[in-house]
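Below: one structure, written as structure tokens.
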Amino acid sequence: MKTHRLRSVLVATASLALIAGCGASETPSGDAPHDPTTITDATTVRAALADNVDVETGDTSEDAADAVDVTLSGATASSDSDDVSAKDGTVTISAPGTYRLHGSLTGQVVVDSNAEGAVRLLLDGASITSGTTAALHVAEADSVVVVLAQGSQNRLEDATTYADTSDDAPTGALFSTADLTIGGTGSLSVEGRSNNGIVSKDGLVLAGGTISVDAVDDGIIGKDYLVASGADVSVTAVDDGLRSDNTEDPGAGFVLVEDGSVRVDSRDDALKGVQVLVSGGTVDVAGSTEAVEGSVVIVDGGDLDLRSADDAVNASSSDEESTSAHGGTGSMEPDDSLRIVINGGTVDVWSSGDGIDSNGDLTVTGGTVTVHGPTSGEDGALDVNGDFEISGGTLLATGSATMLTAPSGESEQAWIAVPLDRTVSAGEKVVITDPKGDEVATFTARKDLAAVVYSSPQITTGQTYTVTAAGHTTTATAGEAPAGGPGSAAH
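As numbered in our numbering, the sequence shown has no gaps in its residue numbers, which increase by one up to the final residue, 797.
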């Protein structure tokens, strides 16, 4: 068993339609957890993981030489091992070891091992459909590894209504009370027809394979942590997409994407945890209410494309239920335990609410960040209650002018914040030029916009820059926030 030290936080990233200099296109209940004593003060993914609980990644090798063969057939199964039993549609594995499961079962596979050691389930063309409960239930084990055999297609489908609805009953098609790792090179399709898709009451690592989840509630839950470290994951969920919900133990409750791909289409939050961390891989949120939500969100790398009906990236706490007059939380006092930090990667945000909304601080030290914010109303491309500092990278945020928020005037890297004298329509070219008339940045508006915030190493504090669109020009002095409406002052 490999142990991999983790600590957490999250962030979001994606594609910047901007070319600098020459041109381009622009809790169990689901509440965000918040306890200042359990929130890291780290500003990088590596530092955050150093403060968190250990991540246990199981052995996902596909070697089946010593595997116990288990043939699934109808409502029963056959095996030469005394550690495998079948009765009334339930196949029980009762000892550590590697088990190769193949065939089709109308019933349930249960892992119930009280001995020390991992139980490895090599799924090699296994289809398990239950009419009464979870398809695969880890009732007890030291740890469990699900290995998807090369070239195999595997399927888990639970009942639409469970016979057991007690507090200890399973709540997902694949339900584990132990640390769970899923890996290999095959594929796994999970249908959560009653509740959730995949649930681990401890930690969950998605290390490999192609994993697709369709659930009527949450897609994938890892209570202590949920780590995507190499799998290609696709989730369609009525509630949250990926969630880690341990709000009680310090250093737990984090979602980490470090490799592979994650695609989510959800009706609530796409990625949610005490901390959401992205250090690599790709995150594609095709639909969500909020794409990324955590008390701490850190992005060190990777490619993020985030689409949301409300805020796309949100640093908030569960006790922040009150809203300001404009429908957001911009009037609230800042909470310095909440933060969004972007150190690298590409983050492309499309939001109907605030693009990036921190009820604490927002820090950008690198990467390429593009925000296509709301086109009207009382939300903005950026909304920061605390300190807003930028020291590197490229930031382009466009949207309505009502809640125009600029970085701090003490930021290491210069910026401009420009409310335009007219609304720029989607498809129009926008050019930013320096005092000499040289182009600093050019992009095509992807949505209607009335304000621009731009920062890159090409901007110099104190100089005057011109923003031109459809023959209309607006000027702004770098490092000076526009006076006027709410949110317009540099924090």
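C-beta: ideal position from N, C-alpha, C; glycine also. All of these numbers come straight from a predicted model, not from anything done at the bench.
Spatial distance of residue i from residue j (CA atoms)
i: glycine 733; j: alanine 479; result: 45 Å
i: alanine 383; j: proline 680; result: 56 Å
i: glycine 798; j: leucine 428; result: Since the displayed the chain opens at 307 and closes at 797, residue 798 lies outside it and no answer follows.
i: glycine 587; j: glutamine 456; result: 22 Å
i: leucine 454; j: valine 580; result: 30 Å
i: serine 385; j: threonine 652; result: 50 Å
i: valine 450; j: aspartate 389; result: 15 Å
i: glutamate 716; j: arginine 569; result: 37 Å
i: alanine 469; j: serine 436; result: 11 Å
i: leucine 668; j: glycine 661; result: 12 Å
i: alanine 401; j: alanine 432; result: 20 Å
i: glycine 423; j: glycine 686; result: 52 Å
i: serine 682; j: aspartate 689; result: 14 Å
i: glycine 699; j: aspartate 530; result: 33 Å
i: asparagine 501; j: aspartate 523; result: 5 Å
i: valine 505; j: glutamate 463; result: 13 Å
i: serine 458; j: alanine 784; result: 57 Å
i: serine 630; j: threonine 404; result: At serine 630, the pLDDT of 36 sits below 50, so the modelled position is not reliable; the number obtained from the coordinates is stated separately. Going by the C-alpha atoms only, they are around 56 Å apart.
i: glycine 409; j: isoleucine 527; result: 27 Å
i: glycine 503; j: glutamate 497; result: 6 Å
i: glycine 557; j: serine 482; result: 21 Å
i: glycine 490; j: aspartate 357; result: 29 Å
With 16 other Cβ atoms within 10 Å as the buried cut-off, status of residue i
i: serine 472; result: exposed
i: serine 731; result: exposed
i: arginine 728; result: exposed
i: asparagine 552; result: buried
i: alanine 775; result: buried
i: glycine 413; result: buried
i: aspartate 508; result: buried
i: glutamate 695; result: buried
i: glycine 380; result: exposed
i: lysine 393; result: exposed
i: glutamate 554; result: exposed
i: asparagine 420; result: exposed
i: threonine 346; result: buried
i: serine 628; result: Only weak support is given to the placement of serine 628: the predicted model assigns it a pLDDT of 35, under 50, and the question is left unresolved by the model.
i: glycine 515; result: buried
i: serine 761; result: buried
Other residues of its chain near residue i: CB distance less than 6 Å, five sequence neighbours each side excluded
i: asparagine 620; result: Glu596, Glu599, Asp663
i: aspartate 614; result: Per the sequence shown, residue 614 should be read as serine rather than aspartate. Closer than 6 Å at the Cβ level, and outside the excluded window around serine 614, lie Ser594, Glu596, Ala597, Ser657.
i: glycine 650; result: Asp606, Gly607, Gly672, Gly673
i: histidine 678; result: Trp656, Arg752, Lys753
i: serine 495; result: Arg461, Ser518
i: arginine 406; result: Ala370, Ala373, Asp375, Leu428, Asp430
i: aspartate 565; result: Ser535, Gly536, Gly586, Gly587
i: alanine 618; result: Ala597, Leu612, Val655, Ser657, Gly661
i: aspartate 545; result: Asp523, Asp524, Asp574
i: aspartate 571; result: Thr542, Ala592, Gly593
i: serine 550; result: Gly528, Tyr531, Leu532, Gly559, Phe560, Val561, Gly579
Per DSSP, the bridge partner or partners of residue i
i: serine 391; result: Thr398
i: isoleucine 527; result: Val505, Arg549
i: isoleucine 345; result: According to DSSP, which records beta bridges pairwise, isoleucine 345 is partnered with nothing at all.
i: proline 725; result: Ala757
i: valine 376; result: Leu407
i: glycine 705; result: Ala757
i: isoleucine 738; result: Ala747, Val773
i: glutamate 422; result: Note: glutamate 422 sits in no beta bridge, so no partner.
i: glycine 498; result: Ala521
i: glutamine 414; result: Thr396
i: isoleucine 696; result: Val670
i: valine 541; result: Val519, Val570
i: valine 533; result: Val511, Leu562
i: aspartate 689; result: Asp663
i: serine 717; result: None; serine 717 has no bridge partner.
i: serine 384; result: Thr377
i: valine 730; result: Leu755
i: alanine 782; result: Tyr771
Sequence-distant residues of its chain with Cβ nearer than 7 Å to residue i (five each side left out)
i: glycine 666; result: Ala621, Pro640, Asp641, Asp642, Ser643, Leu644, Arg645, Asn691, Gly692
i: alanine 300; result: For residue 300 there is no data in the structure shown, the boundaries of the chain being 307 and 797.
i: aspartate 616; result: Thr595, Glu596, Ser658, Gly659
Residue i beta carbon near the ligand NAP (any heavy atom closer than 7 Å)
i: threonine 681; result: Annotation note on the ligand NAP: not contained in the displayed structure, which lists no ligands.
Spatial neighbours of residue i in its chain, beta-carbon cut-off 8 Å, leaving aside the 5 residues before and after
i: leucine 726; result: Ala707, Leu755, Ala756, Ala757, Val758, Val773, Ala775, His778, Thr780
Notebook entry, point to check: Quick one: complete beta strand (DSSP E) runs, 3+ long, within the stretch 427-492?
Noted result: 442-446, 449-454, 459-463, 478-482, 486-490
Checklist line | Every unbroken beta strand (DSSP E) inside the stretch 594-682 [3 residues or more] | finding: 596-600, 602-605, 609-614, 619-621, 645-648, 652-657, 662-664, 667-670, 674-678
Next item on the list: Tell me the start and end of each unbroken beta strand (DSSP E) in the stretch 562-594 that is at least 3 residues and wholly inside, in chain order.
Entry: 575-578, 581-584, 588-593
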